[in-house]
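Residue numbers (the numbering used here): 111 to 610. Beta carbons: idealized from backbone N, C-alpha and C, even for Gly. A short worksheet on the structure shown next.
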């Protein structure tokens with residue numbers, strides 16, 4: 111059996127198929143692959159055959175190169191194997207490289223090592239060219255089933271004929287109490303891909319995107335705007351594109367799926383535009399946005415900056431200028447304008463009011479209320495834009511009132527906490543409130559200890575200090591309790607800055 115598996119012509123055929131498959135696979139899903147060879151000698155021959163096709167993958171340096179063999183050996187092994195024998199420490203370093211999704215090491219050839227007790231979530235494909243059965247087979251294919259980014263499941267490419275053994279192993283697994291379906295055929299993934307593709311195509315009913323192959327950049331913004339205008343459009347579209355991506359990740363090397371890769375890439379790019387305008391998104395990996403494309407890329411360098419797509423100069427996020435807000439108000443893509451304004455306002459509120467609990471709550475609540483009306487279709491999109499622009503201007507003014515009062519950031523935070531009481535605003539002058547805020551800042555800052563928030567005795571002393579200052583300046587007694595609690599909350603937020 112080993113002689114047949116290791117025949118030169120067969121090794122060369124497997125190497126060519128493997129290289130073609132893995133490169134196509136990596137275009138559909140970012141990650142790594144593991145090759146299981148029947149023997150150490152076959153592993154070396156397969157490595158040489160792969161390197162003959164892809165010499166740029168090779169390197170004599172253990173810290174470089176896209177492919178390595180991981181196996182045991184000794185000084186008595188043949189010269190052809192010596193290159194692939196590493197010290198214990200070097201193997202640990204290679205393991206770290208392989209587990210790092212960003213490292214250039216993308217393929218490893220193994221015989222027995224790393225087939226059990228080895229977890230690298232980014233491994234999405236296992237090429238099996240070794241007879242395996244029962245628990246050994248189950249443990250081996252488990253190397254590719256870890257959750258990672260868009261990976262719906264691991265893909266097993268069978269070069270040796272393990273189908274019957276896999277069925278037997280799965281039968282043992284399921285009768286032992288395992289839940290769920292152990293495997294699916296790529297044909298099922300293909301059917302799921304076409305199902306999701308049709309759903310997304312139907313979502314664009316009434317919007318012509320037929321020129322996406324040549325005019326993708328022009329279509330991205332209007333297409334995203336169209337989706338955002340649908341009922342629950344953002345969520346439904348994002349969910350369907352995610353499902354489509356996961357299905358494509360399992361069947362993307364099939365010829366039927368490859369015919370759809372450009373259209374899938376276009377749909378993913380639209381999702382990325384929507385996510386870029388969405389403040390809830392932690393960030394977009396530009397390298398993975400158009401990962402389906404091998405050639406004839408829809409968008410070769412990832413999705414352009416969202417502001418450029420909608421025809422706006424990228425603003426300084428810290429300055430919501432009247433000119434910029436006016437440009438947004440006159441954008442042709444109204445739904446995208448709402449998303450952009452929400453993102454900008456949320457970023458502004460988060461960055462500029464992180465130490466001011468009153469202003470943070472005031473504008474966060476106001477933004478949430480406006481966006482709820484928008485999502486519930488309670489008011490027209492144009493009206494939402496008007497409200498958001500008015501809010502942006504109010505926020506800019508609110509951020510300047512500390513300067514007008516002559517207070518620093520800490521003092522104005524306490525001033526705002528005190529000014530929440532309407533009767534205090536009516537009965538007390540700005541000068542008195544300023545003096546209270548300044549004294550609170552000075553005395554609380556000097557009283558704060560590292561663990562004061564955890565010790566009730568210290569917190570009680572802080573409350574009493576606040577109460578004394580409020581009585582001193584004759585702060586309205588009807589609202590003193592609420593004011594003390596609000597000032598305490600403000601002190602908790604500022605204490606993190608003070609103790610830093």
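- DSSP state of residue 316 mapped onto helix, strand, coil: On the chain shown, position 206 is the one that residue 316 refers to. Correct three-state label for residue 316: coil.
- Item | Alpha carbon of residue 310 to alpha carbon of residue 378, nearest angstrom | Reading the chain shown from its first residue, position 200 is the one you call residue 310. Reading the chain shown from its first residue, position 268 is the one you call residue 378. Going from the Cα of residue 310 to the Cα of residue 378 covers about 11 Å.
- Task: Locate the beta strand (DSSP E) running through residue 147, then write down its first and last residues.
- Result: Taking the first residue of the chain shown as 1, we reach residue 147 at position 37. Element bounds for residue 147: 142 to 147.
- Short Cβ contact (8 Å threshold) for residue 376 with residue 297: As a first step, residue 376 is located in the chain shown; it is residue number 266 there, counting from the start. As a first step, residue 297 is located in the chain shown; it is residue number 187 there, counting from the start. Taking 8 Å as the Cβ cut-off, residue 376 and residue 297 do not qualify as a contacting pair.
- Query: How long is the line joining the alpha carbons of residue 299 and residue 129, rounded to whole angstroms?
  - Reply: Here residue 299 refers to the residue found at position 189 of the chain shown. Here residue 129 refers to the residue found at position 19 of the chain shown. For residue 299 and residue 129, the gap between their C-alpha atoms comes out near 22 Å.
- Message: In whole angstroms, give me the CA-to-CA distance for residue 597 and residue 603.
- Response: In the chain shown, counting from the first residue as 1, residue 597 sits at position 487. In the chain shown, counting from the first residue as 1, residue 603 sits at position 493. Whole-angstrom Cα-Cα distance: 10 Å.
- What whole-angstrom Cβ distance do residue 600 and residue 527 have, given they're in contact under 8 Å? Taking the chain shown and counting its residues from 1, one reaches residue 600 at position 490. Taking the chain shown and counting its residues from 1, one reaches residue 527 at position 417. Rounded, the Cβ-Cβ distance is 5 Å, consistent with contact.
- Mind listing, in chain order, the continuous alpha helix (DSSP H) runs of no fewer than 4 residues lying wholly within the stretch 510 to 596? 519 to 529, 532 to 537, 540 to 557 and 566 to 582
- Out of curiosity, what's the CA-to-CA distance linking residue 436 and residue 344? Position 326 of the chain shown, counting from 1, holds the residue named residue 436. Position 234 of the chain shown, counting from 1, holds the residue named residue 344. Those two C-alpha atoms are separated by around 25 Å.
- Can you check whether the CB of residue 543 is closer than 8 Å to the CB of residue 519? Locating residue 519 in the chain shown gives position 409, where the first residue counts as 1. Locating residue 543 in the chain shown gives position 433, where the first residue counts as 1. Contact flag unset, no.
- What residues are listed by DSSP as bridge partners for residue 233? In the chain shown, the residue the question calls residue 233 occupies position 123. BP columns for residue 233 point to 142.
- With residue 438 as the anchor, note down where its alpha helix (DSSP H) starts and where it stops. If you number the chain shown from 1, residue 438 lands on position 328. It spans 432 to 439 - the alpha helix (DSSP H) in which residue 438 sits, taken as one unbroken run.
- Message: For the structure I just gave you, are there three or more beta carbon pairs, one from the stretch 235 to 243 and one from the stretch 316 to 331, closer than 8 Å?
- Response: Output reads no: the stretch 316 to 331 does not touch the stretch 235 to 243.
- Task: Using three-state DSSP, classify residue 257 as helix, strand or coil.
- Result: Position 147 of the chain shown, counted from the first residue, corresponds to residue 257. Here DSSP, grouped into helix, strand and coil, assigns residue 257 to coil.
- Query: By DSSP, does residue 457 sit in helix, in strand, or in coil?
  - Reply: Residue 457 sits at position 347 when you count from the first residue of the chain shown. Three-state DSSP puts residue 457 in a helix.
- beta strand (DSSP E) containing residue 179: first to last residue? The residue you call residue 179 lines up with position 69 of the chain shown. The continuous beta strand (DSSP E) containing residue 179 extends over residues 177 to 180.
- Item | Counted within 10 angstroms of its Cβ, other Cβ atoms place residue 114 as buried (16 or more) or exposed | For the purposes of this step, residue 114 is identified with residue 4 of the chain shown, where counting begins at 1. Label assigned to residue 114: exposed.
- Just how far apart, CA to CA, sit residue 405 and residue 154? Sequence index remark: in the chain shown, residue 405 carries index 295 (1-based). Sequence index remark: in the chain shown, residue 154 carries index 44 (1-based). With a pLDDT of only 34 at residue 405, under the threshold of 50, the placement of this residue in the model should not be trusted, and no figure is reported.
- Task: Find the nearest neighbour of residue 159 within the set 121, 316, 146 and 535, judged by alpha-carbon distance.
- Result: Indexing the chain shown from 1 puts residue 159 at position 49. Here the closest residue by C-alpha is 121.
- Message: Excluding the 5 residues flanking residue 348 on each side, which residues of the same chain have their C-beta closer than 8 Å to its C-beta?
- Response: Numbered from 1 along the chain shown, position 238 holds the residue referred to as residue 348. Excluding sequence neighbours, residue 348 sits near 381, 384 and 385.
- Item | Three-state secondary structure assigned by DSSP to residue 265 | The residue you call residue 265 lines up with position 155 of the chain shown. Correct three-state label for residue 265: strand.
- Message: Just checking: is the beta-carbon of residue 233 within a distance shorter than 8 Å of some beta-carbon in chain C?
- Response: In the displayed structure, chain C is absent; only one protein chain is listed.
- Query: What do you get for residue 413, buried or exposed, if any count of 16 or more other CB atoms within 10 angstroms of its CB means buried?
  - Reply: Here residue 413 refers to the residue found at position 303 of the chain shown. The predicted model places residue 413 with a pLDDT of 47, which falls under 50 and marks its position as unreliable; any figure quoted below should be read in that light. Residue 413 should be labelled buried.
- Item | Endpoints, beta strand (DSSP E) assigned at residue 219 | Indexing the chain shown from 1 puts residue 219 at position 109. Residues 217 to 220.
- Nearest-angstrom beta carbon gap, residue 250 and residue 303 [assumed within contact, 8 Å]: Mapped onto the chain shown, residue 303 falls at position 193. Mapped onto the chain shown, residue 250 falls at position 140. Actually they do not touch by this definition, with Cβ atoms about 26 Å apart.
- Task: Could you check how far apart the C-beta atoms of residue 261 and residue 175 are, in whole angstroms? I think they sit under 8 Å.
- Result: By 1-based counting over the chain shown, the position of residue 261 is 151. By 1-based counting over the chain shown, the position of residue 175 is 65. Contact doesn't hold; Cβ gap of about 24 Å is too wide.
- Between the CA atoms of residue 225 and residue 239 - distance to the nearest angstrom: In the chain shown, counting from the first residue as 1, residue 239 sits at position 129. In the chain shown, counting from the first residue as 1, residue 225 sits at position 115. The alpha-carbon atoms of residue 239 and residue 225 are separated by roughly 13 Å.
- Message: What does DSSP give as the partner residue(s) for residue 213 in the beta ladder?
- Response: In the chain shown, the residue the question calls residue 213 occupies position 103. Beta-bridge pairing links residue 213 to no other residue.
- Query: Between residue 529 and the rest of its own chain, which residues show a CB-CB distance below 7 Å, the 5 nearest in sequence each way excluded?
  - Reply: Looking up residue 529 in the chain shown gives position 419. Once the five neighbours on either side are set aside, the close Cβ partners of residue 529 are 535 and 543.
- Task: Check whether the stretch 262 to 274 touches the stretch 165 to 180, counting contact only when three or more Cβ pairs, one atom from each stretch, lie closer than 8 Å.
- Result: no
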